[in-house]
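Student: Please read through the structure below; I'll follow up with questions.
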Amino acid sequence: MITEIDFKVIGEERKKLAYAIGETLGLPVKYTKTPRFDYMIGESILDKKGVFQASNEITESPLDLIIERFYTGEPLQNAIQSEDEIIEQNVLSISVPRSMFTDDKLENLQKLIEGKQTLAVHILQYFAKFCILCTEMTDT
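Heads up: the sequence shown is residues 168 to 307, going by my numbering.
What follows is the structure in structure tokens.
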């Protein structure tokens, strides 16, 4: 499924496009102002360069409708990802030397991680939304 569409619009045209997409999808539109200058359409983003980044909440048929109604560029091609690539995007890996743990402590750690997995995923998703903004603010 296509997740990014470059509409190649800026300024007032980008604003009109953001609100038209929001109306089509029935989602609220919010302008983020500085430093990103994005339009948030639900969980999706129309960035300052006119690139629409579809969130996971948008299924293929609404996305096709957006392309049909608003996209006038060259034909888009679906990016086909292998299952390994998709899995790699959703993996957090932390390495610790085995020698730091006794067998009992390692088993306890595994149980603790399994028990807190859902909470950790929610925390990381929440943090990821604001991490990019914080990084950009400190870089300027």
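Beta carbons are placed, not taken as given, at the ideal position from N, Cα and C, and that holds for glycine.
Since we're looking at a predicted model, the values are computed, not measured.
Taking 8 angstroms as the cut-off, does the region 260-271 touch the region 220-233 (at least 3 CB pairs, one atom from each stretch)?
Tutor: Because the criterion of three Cβ pairs below 8 angstroms is not met, the region 220-233 and the region 260-271 do not touch.
Student: Taking 7 angstroms as the threshold (C-beta atoms), are ILE188 and ILE172 in contact?
Tutor: The residue given as residue 172 occupies position 5 in the sequence shown. The residue given as residue 188 occupies position 21 in the sequence shown. Contact: no.
Student: Going by C-alpha to C-alpha distance, which of GLU190, LYS216, LEU194 sits closest to GLU180?
Tutor: Within the sequence shown, residue 180 is the residue found at index 13, counting from 1. Measuring from the Cα of GLU180, the nearest candidate turns out to be LYS216.
Student: Per DSSP, what kind of secondary structure is PHE219 in: helix, strand or coil?
Tutor: By 1-based counting over the sequence shown, the position of residue 219 is 52. Here PHE219 sits in strand by DSSP.
Student: Excluding sequence positions up to five away, which residues of its chain have a Cβ less than 7 angstroms from the Cβ of ASP205?
Tutor: Counting from one through the sequence shown, the residue named residue 205 turns up at place 38. For ASP205, where only same-chain residues beyond five positions count, the Cβ hits under 7 angstroms are THR199, ILE212, LEU213, ASP214, LYS215.
Student: Identify whether LYS278 lies in helix, strand or coil by the three-state DSSP scheme.
Tutor: Here residue 278 refers to the residue found at position 111 when the sequence shown is read from its first residue. Helix, per DSSP.
Student: When you compare the CB positions of GLU210 and GLU190, do they come within less than 7 angstroms of one another, or not?
Tutor: Residue numbering aside, residue 210 sits at position 43 when the sequence shown is read from its first letter. Residue numbering aside, residue 190 sits at position 23 when the sequence shown is read from its first letter. The answer is no: Cβ separation not under 7 angstroms.
Student: Would DSSP call LEU194 helix, strand or coil?
Tutor: For the purposes of this step, residue 194 is taken as the residue at position 27 of the sequence shown. In the structure shown, LEU194 sits in coil (DSSP, three-state: anything other than H, G, I, E or B).
Student: Are there 16 or more other CB atoms within 10 angstroms of the CB of PHE219, so buried, or fewer, so exposed?
Tutor: As a position in the sequence shown, residue 219 is number 52, starting the count at 1. Under this definition PHE219 is a buried residue.
Student: In three-state terms, what does DSSP make of GLU180?
Tutor: Within the sequence shown, numbered from 1, the residue matching residue 180 stands at position 13. Reduced to three states, the DSSP call for GLU180 is helix.
Student: Tell me which same chain residues have a C-beta within less than 6 angstroms of the C-beta of ARG203, skipping the five on either side of it?
Tutor: Working through the sequence shown from its first residue, we reach residue 203 at position 36. So no residue of the chain qualifies.
Student: Who are the Cβ neighbours of LEU194 in its own chain at under 6 angstroms, not counting the five residues just before and after it?
Tutor: The residue labelled residue 194 in the question sits at position 27 within the sequence shown. Result list for LEU194: ILE208, GLY209, in chain order.
Student: Using DSSP's beta-bridge definition, name the partner residues of LEU213.
Tutor: Taking the first residue of the sequence shown as 1, we reach residue 213 at position 46. DSSP lists TYR206, PHE219 as partners of LEU213.
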